[in-house]
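K.L.:
Protein sequence lines correspond, in order, to chains L and Z.
For the numbering used here, count along the first sequence from 1 and bump the result up by 1394.
Read in the numbering used here, the second sequence has 59 at position 76, and its numbers run on one by one without any break.
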Amino acid sequence: MSGQPRFAHASEAELARILDYYAVRWEYEPHTFPIQWNLDGAVVESFSPDFYLPELDLYVELTTLKQSLVRRKNRKLRRLRELYPDIRVKLFYGKDFKALMLKYGRFDVAASLSGLDGQTLAQEALAATAVASEPRIAKDAGPVDVIAPSAATAGEPTDPPAERRQRLSRGMRRRRARRTYRAAMLGLEAG
Amino acid sequence: MTELKRRPDLVHDVAEVLVTEEQIQAKVRELGQRLATDYADTELTLVSVLKGSLPFMADLMRAIPIPVQIDLMEVSSYGGATTETSGLVRILKDLSSSIAGRDVLIVEDIIDTGLTLNYLLRYLRGKNPRSLRICALLDKPARRLVDIPIDYVGFTIPDQFVIGYGLDYGEFYRNLPFIGVLKPEVYEDR
């Protein structure tokens, strides 16, 4: 049920705890869905939902971005649903997560979330010099399953997006993931 | 459990009344008649999930004009004491009688994420009831994670923090006779 992967955000760790509490099996970022290709057919954009609940056949994406910044996430989600109509995805916005924390009396957790990317205040301090749009670190337990769209729904190759995320070395990504996870755990323990 | 910093004010802490007392009672009567029709030739057991469903259960059972039995259950909630000790949901109060071979109706105050109900269904199915259905006063589908068909629904409500008629914040406001929306400053102030 929980192998305690390295969560990118404290909110993901909290949701995992909730799912564990109610005995709902989950997997963290197990699948990556290509959603945009260049003219050469190479994948230039993909989407890895945060959680997959196998017993419910449901993906859950958690975003604690400010509402004004979720446009990109919404676009990716729309594209995912267009290309993979059989995939069920539930998107939790920041307000949804905050309301969930309120429901469970975890208001300190909700109140600690701030910033652009759902990081805790501690994480924000650590990431103060980080590149703005950091690629999310997937669990390193092995290769992720890349799900191809059905032939009927795959779109025509498109041009690469105007903005590109800066690539970091594998070592830098791992070090950043370890710092993020430690900060998330410290934040949860304090809360 | 959420602890409030000040004594609750049952009048001024409510931002708006979402469902009035009259609307609730009318719906309860309607549900009672439907249940009496659907379960006319069976042995129905109402299972109330404490504590929120208590007022709804009390009114609903009296609106069903056929013989019924009742039982009570309580399930721990995430964020409470059991979260720190066991990390797992627990049955705090189990059924007092067997439901094997019986037609069971779970009576809930509100279905939100569906996580509690999902656990309850799995637990109660193991007790081999003849049938297992759900009756919820309120359905709040905005944050639903587990899609469970709800057989009888009172009201479908938007994503607002509701209290009253059994629903609480910090164990208060349950005794309000209506369903109201709590003012944000109440839970932000705590």
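Note that beta-carbon positions come from the ideal geometry of N, C-alpha and C, so glycine has one too.
From a predicted model like this one, the values you see are computed outputs, not experimental measurements.
Looking at Z:V51 and Z:L78, is the spacing between their C-beta atoms short of 8 Å?
P.N.:
Numbered from its first residue, the second sequence carries residue 78 of chain Z at position 95. Numbered from its first residue, the second sequence carries residue 51 of chain Z at position 68. No, these two residues do not count as a Cβ contact at 8 Å.
K.L.:
Along the chain, which unbroken stretches of the beta strand (DSSP E) at least 3 residues long are found entirely within the region 7 to 73 of chain Z?
P.N.:
You should have 27 to 33 and 51 to 58.
K.L.:
So, at 6 Å on beta carbons, what are the nonlocal neighbours of Z:R105 in its own chain, with the 5 sequence-adjacent residues on each side left out?
P.N.:
Start at 1 with the first residue of the second sequence, and residue 105 of chain Z comes out as number 122. Excluding sequence neighbours, Z:R105 sits near nothing in its chain.
K.L.:
Step through the CB atoms of chain Z and report whether any lies within less than 8 Å of the CB of L:L1496.
P.N.:
Position 102 of the first sequence, counted from the first residue, corresponds to residue 1496 of chain L. By this cut-off, L:L1496 is an interface position.
K.L.:
For Z:S80, which residues in the same chain have their Cβ closer than 7 Å to its Cβ, ignoring the five residues on either side in sequence?
P.N.:
Working through the second sequence from its first residue, we reach residue 80 of chain Z at position 97. Cβ within range, chain order: D54.
K.L.:
Locate the alpha helix (DSSP H) running through L:F1405, then write down its first and last residues.
P.N.:
Position 11 of the first sequence, counted from the first residue, corresponds to residue 1405 of chain L. Residue identity check: residue 1405 of chain L is Ser in the sequence provided, not Phe. Element bounds for L:S1405: A1404 to Y1415.
K.L.:
Excluding five sequence neighbours on each side, which residues of the same chain lie with their C-beta closer than 6 Å to the C-beta of Z:D48?
P.N.:
Indexing the second sequence from 1 puts residue 48 of chain Z at position 65. Note on identity: in this sequence residue 48 of chain Z is Pro, with Asp being the wrong assignment. A19, listed in sequence order.
K.L.:
Which residues does DSSP list as the beta-bridge partners of Z:G147?
P.N.:
Translated into positions along the second sequence, residue 147 of chain Z becomes position 164. Beta-bridge pairing links Z:G147 to Z:L150.
K.L.:
Taking beta-carbon pairs under 9 Å, can you tell me which members of the region 9 to 43 of chain Z lie near chain L?
P.N.:
The region 9 to 43 of chain Z vs chain L, Cβ under 9 Å: nothing.
K.L.:
For chain Z, check one thing: does any of its Cβ atoms lie closer than 8 Å to the Cβ of L:D1444?
P.N.:
For the purposes of this step, residue 1444 of chain L is identified with residue 50 of the first sequence, where counting begins at 1. Closer than 8 Å: no.
K.L.:
Would you say Z:V2 and Z:F144 are within 8 Å of each other, going by their C-beta atoms?
P.N.:
On the second sequence, residue 2 of chain Z is found 19 positions in, with the first residue counted as 1. On the second sequence, residue 144 of chain Z is found 161 positions in, with the first residue counted as 1. No, the pair does not count as a contact, with Cβ atoms beyond the cut-off.
K.L.:
Would you call L:Q1398 buried or exposed, if buried means 16 or more other Cβ atoms sit within 10 Å of its Cβ?
P.N.:
Walking along the first sequence from the start, residue 1398 of chain L turns up at place 4. It is exposed - the Cβ of L:Q1398 has fewer than 16 other Cβ atoms within 10 Å.
K.L.:
Under 8 Å between C-beta atoms, does Z:L1 make it to chain L?
P.N.:
Within the second sequence, the letter at position 18 stands for residue 1 of chain Z. Chain L contact via Cβ: absent.
K.L.:
Between L:L1471 and L:V1483, is the Cβ-Cβ spacing less than 8 Å?
P.N.:
Reading the first sequence from its first residue, position 77 is the one you call residue 1471 of chain L. Reading the first sequence from its first residue, position 89 is the one you call residue 1483 of chain L. Yes, these two residues count as a Cβ contact at 8 Å.
K.L.:
Compute the distance between the beta-carbons of L:E1408 and L:R1500, then report whether it is under 8 Å.
P.N.:
The sequence position of residue 1408 of chain L within the first sequence is 14, counting from 1. The sequence position of residue 1500 of chain L within the first sequence is 106, counting from 1. In this structure, L:R1500 lies closer than 8 Å to L:E1408 by Cβ.
K.L.:
When the Cβ atoms of the region 1 to 16 of chain Z are set against those of the region 89 to 96 of chain Z, are three or more pairs found closer than 8 Å?
P.N.:
The answer is no - the region 89 to 96 of chain Z does not touch the region 1 to 16 of chain Z, with fewer than three Cβ pairs under 8 Å.
K.L.:
From which residue to which residue does the beta strand (DSSP E) around L:K1492 run?
P.N.:
For the purposes of this step, residue 1492 of chain L is identified with residue 98 of the first sequence, where counting begins at 1. That residue, L:K1492, is in no beta strand (DSSP E); its alpha helix (DSSP H) goes G1488 to K1497.
K.L.:
Return yes when the Cβ of Z:V72 is within less than 8 Å of the Cβ of Z:N101, no when it is not.
P.N.:
Residue 101 of chain Z sits at position 118 when you count from the first residue of the second sequence. Residue 72 of chain Z sits at position 89 when you count from the first residue of the second sequence. For Z:N101 and Z:V72, no; Cβs fall outside 8 Å.
K.L.:
So, are the CB atoms of Z:L(-7) and Z:Y152 less than 8 Å apart?
P.N.:
Within the second sequence, the letter at position 10 stands for residue -7 of chain Z. Within the second sequence, the letter at position 169 stands for residue 152 of chain Z. For Z:L(-7) and Z:Y152, no; Cβs fall outside 8 Å.
K.L.:
May I ask you to report which of helix, strand or coil DSSP gives L:G1512?
P.N.:
Here residue 1512 of chain L is taken as the residue at index 118 of the first sequence, counted from 1. With a pLDDT of 43 at L:G1512, under the threshold of 50, the modelled position of that residue is not reliable, and no figure is offered here.
K.L.:
Looking at the C-beta of L:I1481, does it have a partner C-beta in chain Z at a distance below 8 Å?
P.N.:
Along the first sequence, one-based indexing puts residue 1481 of chain L at 87. So no, L:I1481 is outside the interface.
K.L.:
I want to verify the contact list: residues of chain L whose CB lies under 7 Å from the CB of Z:S79, in sequence order.
P.N.:
Position 96 of the second sequence, counted from the first residue, corresponds to residue 79 of chain Z. Ordered by position in chain L, no residue passes the 7 Å Cβ test against Z:S79, which lies about 24 Å from the chain.
K.L.:
Taking 8 Å as the CB-CB limit, is Z:R(-11) close to chain L?
P.N.:
Position 6 of the second sequence, counted from the start, is the residue given in the question as residue -11 of chain Z. Chain L contact via Cβ: absent.
K.L.:
Would you kindly report the start and end of the unbroken beta strand (DSSP E) that includes Z:A99?
P.N.:
One-based indexing of the second sequence puts residue 99 of chain Z at position 116. First, the residue type needs correcting, since residue 99 of chain Z is Thr and not Ala in the sequence shown. Careful: Z:T99 lies outside any beta strand (DSSP E), inside the alpha helix (DSSP H) at L98 to R108.
K.L.:
Might you give, ordered along the chain, the residues of its own chain that have their beta carbon closer than 6 Å to the beta carbon of Z:L150, omitting 5 neighbours on each side?
P.N.:
Counting from 1 along the second sequence, the entry for residue 150 of chain Z is found at position 167. Only G35 and D92 meet the Cβ criterion.
K.L.:
Please say whether Z:Y148 and Z:L165 have beta carbons closer to each other than 8 Å?
P.N.:
Working through the second sequence from its first residue, we reach residue 165 of chain Z at position 182. Working through the second sequence from its first residue, we reach residue 148 of chain Z at position 165. Their beta carbons are not under 8 Å apart, which means Z:L165 does not touch Z:Y148 by this criterion.
K.L.:
Can you name the residues that DSSP bridges to Z:R85?
P.N.:
As a working note, residue 85 of chain Z is residue 102 in the second sequence. The partner list for Z:R85 (beta bridge, DSSP) is empty, contrary to what the question assumes.
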